[in-house]
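Enquirer:
There are 2 protein chains.
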Amino acid sequence: MPSEFDFIQSLRQHSQLPGVVVGIGDDCAVLEPLAQRWLVTTDLLTEGVDFLLAEATPEAIGKKAMGVNLSDIAAMAGVPKFAVVAVALPRHPPGGMTTRALADRLDAGVREMAARFGVAIVGGDTNTWDQGLVISITLIGESTARGPVLRSGAKLDDAIFVTGPLGGSLLGRHLSPEPRVREALALHQIVDLHAMIDISDGLTADLMHILEESHFGADLDSMSIPIHPDAVLRSAITGQTPLHHALHDGEDFELIFTVSQADAEKLTGQFPRIGTITDTGLTLDGQPLTPRGWVHEV
Amino acid sequence: MPSEFDFIQSLRQHSQLPGVVVGIGDDCAVLEPLAQRWLVTTDLLTEGVDFLLAEATPEAIGKKAMGVNLSDIAAMAGVPKFAVVAVALPRHPPGGMTTRALADRLDAGVREMAARFGVAIVGGDTNTWDQGLVISITLIGESTARGPVLRSGAKLDDAIFVTGPLGGSLLGRHLSPEPRVREALALHQIVDLHAMIDISDGLTADLMHILEESHFGADLDSMSIPIHPDAVLRSAITGQTPLHHALHDGEDFELIFTVSQADAEKLTGQFPRIGTITDTGLTLDGQPLTPRGWVHEV
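Protein chains in written order, with the working numbering: chain V, 260 to 557; chain F, 260 to 557.
#1: Taking only beta-carbon atoms, is V/G406 less than 7 Å away from chain F?
#2: In three-state terms, what does DSSP make of V/G326?
#3: Whole beta strand (DSSP E) runs in the segment 323-389 of chain F with 3 or more residues, listed along the chain?
#4: Kindly indicate which residue of F/G321, F/R364, F/A379 has the alpha-carbon position closest to the one of F/V338.
#5: Examine the Cβ distances between the segment 350-363 of chain F and the segment 372-389 of chain F and report whether three or more of them are shorter than 8 Å.
#6: For V/G307, which residues in chain F fall below 9 Å Cβ to Cβ?
#7: Any idea what DSSP makes of V/L514, helix, strand or coil?
#8: Give the interface partners of F/L303 over in chain V, defined as CB-CB distance under 8 Å, in chain order.
#9: Among the residues of its own chain, which have a CB less than 6 Å from the CB of F/P547, if the five just before and after it don't count?
#10: Say whether the segment 390-410 of chain F touches the segment 299-308 of chain F, bearing in mind that this needs 3 or more beta-carbon pairs closer than 8 Å, one atom from each stretch.
#11: Can you tell me which of the three DSSP states V/S481 falls into?
#12: Which residue's Cα is closest to the Cα of V/V408: V/T549, V/D478, V/E510, V/L452?
#13: Which residue marks the beginning of the alpha helix (DSSP H) containing V/I536, and which one marks its end?
#14: Taking the alpha-carbon positions, what's the V/G368 to V/F512 distance?
#15: Can you give me the C-alpha to C-alpha distance between F/G423 and V/A374, rounded to a whole angstrom?
#16: CB-CB under 7 Å to V/L415, same chain, minus the five flanking residues each way: which ones, in chain order?
#17: Give the secondary structure of V/G476 by DSSP, where H, G and I count as helix, E and B as strand, and everything else as coil.
#18: Do F/S473 and F/A413 come within 7 Å of each other at the CB atom, strictly closer than that value?
#19: Based on Cα-Cα distance, which residue from V/G528, V/K340, V/A464 lies nearest to V/V440?
#20: In this structure, what does DSSP give as the bridge partners for V/V393?
#21: With DSSP as the reference, label V/I399 as helix, strand or coil.
#22: Anyone know if the C-beta pair for F/A454 and F/L541 falls short of 7 Å?
#23: Out of curiosity, what's the CA-to-CA distance linking V/I405 and V/Q499?
#24: Relative to the C-alpha of F/G307, which residue among F/I320, F/R296, F/R359, F/M325 is closest?
#25: For V/V346, count neighbouring Cβ atoms within 10 angstroms of its own Cβ and tell me buried if that reaches 16, exposed if not.
#26: Going straight from the alpha carbon of F/G382 to that of F/A495, what length do you get?
#27: Secondary structure at V/T463, three-state DSSP: helix, strand or coil?
#28: Among V/M372, V/F420, V/L444, V/R432, whose alpha-carbon lies nearest the alpha-carbon of V/S402?
#29: To which residues of the same chain is F/P501 closer than 7 Å at the C-beta, ignoring the five residues directly before and after it?
#30: Which same chain residues, not among the five before or five after V/L434, have their C-beta less than 7 Å away from its C-beta?
#31: Is F/D489 helix, strand or coil by DSSP?
#32: Compute the distance between the beta-carbons of F/I533 and F/L479, then report whether it is under 7 Å.
#33: According to DSSP, is F/D457 helix, strand or coil?
#34: Is the Cβ-Cβ distance between V/L506 and V/T549 less than 7 Å?
#35: Sorted by chain position, which residues of the same chain lie with C-beta nearer than 7 Å to V/D544's C-beta, five sequence neighbours on each side aside?
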């Protein structure tokens with residue numbers, strides 16, 4: 260089985276050219292020769308994997324496609340600015356919808372989300388074919404004067420926070436991400452954000468990206484991890500604990516971030532503090548914890 | 260039947276935000292708040308429409324995907340700089356190829372083309388699904404100090420040039436575009452380029468974009484239109500004249516550009532001069548000419 264990381268891994272070495280401050284390997288690329296530094300991110304969603312056209316409305320798919328990109332900009336504490344949108348539309352959408360109606364409704368979802376975050380859609384490419392719906396968005400953002408927040412900046416004894424409750428997004432929340440753009444920008448002014456990432460693969464899997472890039476470990480506190488009501492509902496279906504879903508489910512699109520102990524005090528009562536950066540390894544209440552779905556990047 | 264222009268048309272009005280000098284409607288978007296102005300373009304290719312995986316090598320598909328984007332940057336006389344690459348890979352490619360091998364070979368084609376033009380690949384998204392291959396590339400380029408060359412700048416009595424022979428690309432040339440990036444930059448230094456576009460839909464269809472945006476007409480000289488040997492070969496198959504194929508076939512990826520009569524003299528013998536900008540209408544040797552596949556944009 261091919262790993263989806265391979266292609267990116269292979270591209271990574273080719274992003275080291277002048278002007279590229281951060282190439283592949285973080286939430287966004289950071290480009291140098293700009294007023295501030297600019298951020299670029301891309302996400303492609305496919306029918307049957309990221310959404311079911313028979314279940315999700317086209318508007319929701321459009322919103323999700325823009326939302327996951329906004330979440331990547333949020334994860335750098337950047338300001339989203341410009342997007343290009345490329346789609347492959349099925350000639351015969353399910354449920355008797357016309358291709359035109361599908362395009363219009365998808366478009367409406369993309370635009371609604373873009374408008375909410377002040378994003379200008381500056382380009383696009385529309386294609387029709389005989390297969391499933393694909394939507395690919397590239398989002399360009401600006402980093403603030405404080406610079407982009409990378410995955411690699413966590414420090415020993417940092418406090419680990421998360422922006423909201425986790426788990427069970429599969430019940431429907433995964434289709435309506437609330438990208439934490441404003442939260443990230445506000446945090447970036449109040450505290451010195453050491454490392455940050457958005458949760459797409461799951462709390463443990465995405466925290467591991469911070470730990471790998473920062474060369475540290477983490478201990479999580481099970482009692483502090485905010486559990487979404489959907490995690491409880493999922494739990495009733497799967498037989499796993501709600502905590503299990505909060506730890507391992509993906510597509511929450513909340514942010515994980517780390518700050519110094521001093522800065523952590525400023526955030527008390529505002530965001531749940533879920534753990535501490537340690538020397539090595541990932542633990543839960545001091546016991547070894549295996550991140551689900553984690554592929555170790557060599 | 261939905262027109263592929265509708266989606267873009269609908270997005271166009273949403274690209275008018277501060278910082279967007281040119282949004283949707285030209286070959287690239289032009290973004291303001293940069294050292295020079297920056298150019299952004301996106302193209303998505305689908306199996307069965309833009310290529311047949313059973314016929315084209317994955318390397319060629321990768322090269323084409325990067326090439327069509329490079330051609331858009333060339334059409335603005337820009338310098339290509341950064342790209343992001345998103346793919347949807349079939350879980351079971353035709354011909355017994357593994358998904359991994361397909362990804363690697365596609366990647367090799369993308370990288371080869373990027374390297375040839377000094378492009379840094381700064382991001383990507385790899386997905387696997389049960390349907391056909393899709394590759395979507397967004398390319399960011401820098402405009403030179405002379406500024407980007409738009410479609411809207413043609414002037415009455417301008418000479419119309421093309422950078423190379425046309426027609427019959429379907430025989431295979433459409434898979435190995437030679438983006439005219441260097442030619443465009445050289446021309447941009449020698450003459451004052453009034454309007455420029457790359458030929459993706461066909462000479463007449465793409466020239467019409469210049470005419471519509473510039474609010475002029477054109478008269479083409481049938482004897483001066485450079486005919487590619489492939490147009491002659493196609494002619495033998497289709498029964499159409501070679502000139503017909505040169506006028507109407509798509510995916511040549513040569514550039515059409517217009518310059519003043521004075522500048523035209525500097526280019527004599529270097530590029531074929533194929534016509535003149537007139538007050539209105541499109542004619543060939545003075546006779547009305549209908550652009551093939553042309554959809555009038557209201």
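Backbone N, C-alpha and C define an ideal beta-carbon position, used for all residues, glycine too. These figures come from a predicted structure and were not determined experimentally.
Expert: Looking at the atomic coordinates:
#1: Taking the first sequence and counting its residues from 1, the one referred to as residue 406 of chain V is at position 147. For V/G406, no CB of chain F lies under 7 Å from its own CB, so it is not counted at the interface with that chain.
#2: Position 67 of the first sequence holds residue 326 of chain V. For V/G326, the three-state secondary structure derived from DSSP is helix.
#3: The qualifying runs are 337-349, 379-388.
#4: The residue you call residue 338 of chain F lines up with position 79 of the second sequence. Nearest option by C-alpha distance: F/A379.
#5: Under the Cβ criterion (8 Å, minimum of three pairs), the segment 350-363 of chain F counts as touching the segment 372-389 of chain F.
#6: In the first sequence, residue 307 of chain V corresponds to position 48, counting from 1. Correct list: W388, D389, Q390.
#7: Within the first sequence, numbered from 1, the residue matching residue 514 of chain V stands at position 255. Secondary structure at V/L514: strand, using DSSP grouped into helix, strand and coil.
#8: Taking the second sequence and counting its residues from 1, one reaches residue 303 of chain F at position 44. Result: A345, V346, A347, D384, N386, V393, S395.
#9: Stepping through the second sequence from its first residue, residue 547 of chain F is reached at position 288. Nothing listed; no residue qualifies.
#10: Contact holds: three or more Cβ-Cβ distances are below 8 Å.
#11: Taking the first sequence and counting its residues from 1, the one referred to as residue 481 of chain V is at position 222. Assigned with DSSP and collapsed to three states, V/S481 falls in helix.
#12: Here residue 408 of chain V refers to the residue found at position 149 of the first sequence. When only C-alpha atoms are compared, the closest one is V/L452.
#13: Here residue 536 of chain V refers to the residue found at position 277 when the first sequence is read from its first residue. For V/I536, no alpha helix (DSSP H) run applies; the uninterrupted beta strand (DSSP E) run containing it begins and ends at 532-537, by DSSP.
#14: Reading the first sequence from its first residue, position 109 is the one you call residue 368 of chain V. Reading the first sequence from its first residue, position 253 is the one you call residue 512 of chain V. In this model, V/G368 and V/F512 are separated by some 18 Å (Cα to Cα).
#15: Position 164 of the second sequence, counted from the first residue, corresponds to residue 423 of chain F. Position 115 of the first sequence, counted from the first residue, corresponds to residue 374 of chain V. Answer to the nearest angstrom: the Cα atoms are 42 Å apart.
#16: Taking the first sequence and counting its residues from 1, the one referred to as residue 415 of chain V is at position 156. Non-local C-beta neighbours of V/L415 in its own chain, meaning closer than 7 Å and more than five positions away in sequence, comprise F475, I536, D538, ordered along the chain.
#17: In the first sequence, residue 476 of chain V corresponds to position 217, counting from 1. Here V/G476 sits in strand by DSSP.
#18: As a working mapping, residue 413 of chain F is identified with position 154 in the second sequence. As a working mapping, residue 473 of chain F is identified with position 214 in the second sequence. Result yes, Cβ atoms of F/A413 and F/S473 sit closer than 7 Å.
#19: On the first sequence, position 181 is the one that residue 440 of chain V refers to. The residue from V/G528, V/K340, V/A464 with its alpha-carbon nearest to that of V/V440 is V/K340.
#20: Taking the first sequence and counting its residues from 1, one reaches residue 393 of chain V at position 134. DSSP lists V/T305, V/A347 as partners of V/V393.
#21: Against the first sequence, residue 399 of chain V aligns to sequence position 140. Strand.
#22: Here the question's residue 454 of chain F lines up with position 195 in the second sequence. Here the question's residue 541 of chain F lines up with position 282 in the second sequence. No, these two residues do not count as a Cβ contact at 7 Å.
#23: For the purposes of this step, residue 405 of chain V is taken as residue 146 along the first sequence, with counting starting at 1. For the purposes of this step, residue 499 of chain V is taken as residue 240 along the first sequence, with counting starting at 1. Reading off the sequence, residue 405 of chain V comes out as Arg, not Ile. Rounded to whole angstroms, the separation of the alpha carbons of V/Q499 and V/R405 is 41 Å.
#24: Start at 1 with the first residue of the second sequence, and residue 307 of chain F comes out as number 48. Taking only the C-alpha atoms, the option nearest F/G307 is F/I320.
#25: Stepping through the first sequence from its first residue, residue 346 of chain V is reached at position 87. Residue environment: V/V346 is assigned as buried (16 or more neighbouring CB atoms within 10 Å of its CB, all protein chains considered).
#26: Within the second sequence, numbered from 1, the residue matching residue 382 of chain F stands at position 123. Within the second sequence, numbered from 1, the residue matching residue 495 of chain F stands at position 236. Each residue's Cα considered, the two are about 44 Å apart.
#27: The residue labelled residue 463 of chain V in the question sits at position 204 within the first sequence. When DSSP states are grouped into helix, strand and coil, V/T463 belongs to the helix group.
#28: For the purposes of this step, residue 402 of chain V is taken as the residue at position 143 of the first sequence. Per the C-alpha coordinates, the member of V/M372, V/F420, V/L444, V/R432 positioned closest to V/S402 is V/L444.
#29: Position 242 of the second sequence holds residue 501 of chain F. Cβ within range, chain order: G426, I486, A490, V491, S494.
#30: In the first sequence, residue 434 of chain V corresponds to position 175, counting from 1. Hits under 7 Å: F310, A315, A319, K323.
#31: Mapped onto the second sequence, residue 489 of chain F falls at position 230. Helix at F/D489.
#32: Translated into positions along the second sequence, residue 533 of chain F becomes position 274. Translated into positions along the second sequence, residue 479 of chain F becomes position 220. Yes, the Cβ-Cβ distance between F/I533 and F/L479 is below 7 Å.
#33: Stepping through the second sequence from its first residue, residue 457 of chain F is reached at position 198. Of the three classes helix, strand and coil, the one that applies to F/D457 here is strand, per DSSP.
#34: The residue given as residue 506 of chain V occupies position 247 in the first sequence. The residue given as residue 549 of chain V occupies position 290 in the first sequence. In this structure, V/T549 does not lie closer than 7 Å to V/L506 by Cβ.
#35: Along the first sequence, one-based indexing puts residue 544 of chain V at 285. Correct list, in chain order: D480, S481.
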